[in-house]
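Residues in the sequence shown are numbered consecutively from 1, following our numbering.
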Amino acid sequence: MDCLFCKIVAGDVPAEVLHTTERTVAFRDVDPQAPTHVLVVPREHFANAAELAAGDPEASAELVRTAAAVAAAEGHPDDYRLVLNTGAGAGQTVFHTHLHVLAGRELAWPPG
Ligand code: 5GP
Ligand code: ZN
Numbered sequence: 001m002d003c004l005f006c007k008i009v010a011g012d013v014p015a016e017v018l019h020t021t022e023r024t025v026a027f028r029d030v031d032p033q034a035p036t037h038v039l040v041v042p043r044e045h046f047a048n049a050a051e052l053a054a055g056d057p058e059a060s061a062e063l064v065r066t067a068a069a070v071a072a073a074e075g076h077p078d079d080y081r082l083v084l085n086t087g088a089g090a091g092q093t094v095f096h097t098h099l100h101v102l103a104g105r106e107l108a109w110p111p112g
């Protein structure tokens, strides 16, 4: 399977990795939309968050725990946004599920 985030997990595509756990890898987004913009991905390939939750619930929980640890390490323990775009119509462009961690600026609601 030709998957960009599987290649980042494997170390075959370079990325600025901030944090790793048994089941997850966190790295900076190449096109940041906030001062902190980190992607947390499961090491194992799942197309979206629902498939991850169904296939490996512990990895799903670890994704959120890792996101909280990353936000805290970036200096934003209390105020950050987690986003899981699911489907092309909702803005998903990489079909290896990834949790966006955004922090460090005002974040409007509702999102665009
Ligand atoms: P999506 O639109 O699927 O929710 O998010 C995909 C994210 O992956 C985008 O924010 C995009 O900037 C990021 N991205 C795309 N290609 C790369 C890459 O090669 N390296 C990194 N670090 N991020 C990438
Ligand atoms: Zn993948």
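All residues carry an ideal CB built from backbone N, CA and C; glycine is no exception. Predicted, not measured: the structure shown is a model, and the values here were computed from it.
Whose CA, out of V40, T86 and R81, lies closest to the CA of A47?
Here residue 47 corresponds to residue number 47 of the sequence shown, with the count starting at 1. The shortest Cα separation from A47 among V40, T86 and R81 belongs to T86.
Could you say which of H19, A10, V64 and A61 lies nearest to H45 if we only look at CA atoms?
Translated into the one-based positions of the sequence shown, residue 45 becomes position 45. The shortest Cα separation from H45 among H19, A10, V64 and A61 belongs to A10.
By the DSSP assignment, the alpha helix (DSSP H) with T66 in it spans what residues?
Start at 1 with the first residue of the sequence shown, and residue 66 comes out as number 66. P57 to A73 is the span of the alpha helix (DSSP H), which, as asked, contains T66.
Below 8 Å on the Cβ atoms is my guess for V41 versus V101; work out the distance and round it to an integer in Å.
Within the sequence shown, the letter at position 41 stands for residue 41. Within the sequence shown, the letter at position 101 stands for residue 101. The pair is not a contact, with the Cβ atoms about 11 Å apart (cut-off 8 Å).
Could you give the distance in angstroms between the alpha-carbon of L107 and the alpha-carbon of E62?
Stepping through the sequence shown from its first residue, residue 107 is reached at position 107. Stepping through the sequence shown from its first residue, residue 62 is reached at position 62. Rounded to the nearest angstrom, the two C-alpha atoms are 24 Å apart.
Mind checking whether the beta-carbon of F5 lies closer than 6 Å to any heavy atom of the ligand ZN?
The count along the sequence shown starts at 1 and reaches residue 5 at position 5. Indeed, a heavy atom of the ligand ZN lies less than 6 Å from the Cβ.
Where does A54 land, buried or exposed, given buried means 16+ other C-beta within 10 angstroms?
On the sequence shown, residue 54 is found 54 positions in, with the first residue counted as 1. Result: exposed.
Please state whether DSSP places F5 in a helix, a strand or coil.
Walking along the sequence shown from the start, residue 5 turns up at place 5. Helix.
How long is the line joining the alpha carbons of P129 and M1, rounded to whole angstroms?
For the chain, the structure presents residues 1 to 112; residue 129 sits outside this window and is missing.
Quick one: what does DSSP say L52 is sitting in, helix, strand or coil?
By 1-based counting over the sequence shown, the position of residue 52 is 52. DSSP places L52 in helix when its eight states are reduced to three.
Given a threshold of 16 other Cβ atoms within 10 Å of its Cβ, counted over all protein chains shown, does A26 qualify as buried or as exposed?
Against the sequence shown, residue 26 aligns to sequence position 26. Classification of A26: buried, given that the 10 Å Cβ count is 16 or more.
Taking the alpha carbon of L82 as the point to measure from, which residue in A88, R43, A34 and F95 has its own alpha carbon closest?
Your numbering for residue 82 matches position 82 in the sequence shown. Nearest option by C-alpha distance: A34.
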